[in-house]
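One structure is given below, encoded as structure tokens.
Numbering (our numbering), first residue to last: 87 to 291.
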């Protein structure tokens, strides 16, 4: 790979990082919506009384996994800010490296050679930092995937309970549908990010 190719690859990696950060907004929004849905479902279940008795613990589960997802997503957001900064540093370092290499073609100045070595070392160090953050991110995303599998199971269970809630059945059924929809959106965003991470990891090798 030529130096020009390396600089272009650094830019592509930066775009991948930007995509990961953008997908986090979807995850956080849907997780917050799930938390709000749990609160609304709890109100409906209380109004339904004994006919929705089995639905009450379900709202607690919804609360638990939505709160956990929000917590994990916020942790990811902090990590992603770091990832964004590191990816930008890689782009700048690659760009500076390219300029130095162009200068070296027309001059054998020792200062340029020294700078080249320093920039190469800094670039390698920054890429290792990027790889480390990517590994942490991947584990966080896998944790959220587990939460969404629980969400899908709860959606199925809540559908059964909603069917026994009499006149409140339709309202509680809509809760089940919302959980399913939110879980799908979050899983889709997570899958997109895992694909971006795989591409990033492959490009950094």
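Glycine included, C-beta positions come from ideal geometry on N, C-alpha and C.
Quick one: give me the first and last residue of the alpha helix (DSSP H) that residue i is part of.
i	result
residue 141	Segment: none, residue 141 is in no alpha helix (DSSP H) and carries neither H nor E.
Going by beta-carbon coordinates alone, are residue i and residue j separated by less than 8 Å?
i	j	result
residue 159	residue 207	no
residue 169	residue 103	yes
residue 283	residue 230	no
residue 96	residue 177	yes
residue 127	residue 155	no
residue 272	residue 173	no
residue 151	residue 233	yes
Which residue wins for smallest C-alpha separation from residue i, given the options the options?
i	options	result
residue 147	163, 123 and 164	123
residue 241	268, 105, 224 and 230	268
residue 256	266, 265 and 245	245
residue 149	105, 286 and 265	265
residue 293	183, 248, 190 and 253	Summary: the structure shown does not reach residue 293, with the chain confined to residues 87 through 291, and so no result is reported for it.
residue 247	140, 132 and 100	140
residue 162	286, 196, 110 and 259	110
residue 276	99, 108 and 100	108
residue 179	202, 164, 166 and 190	202
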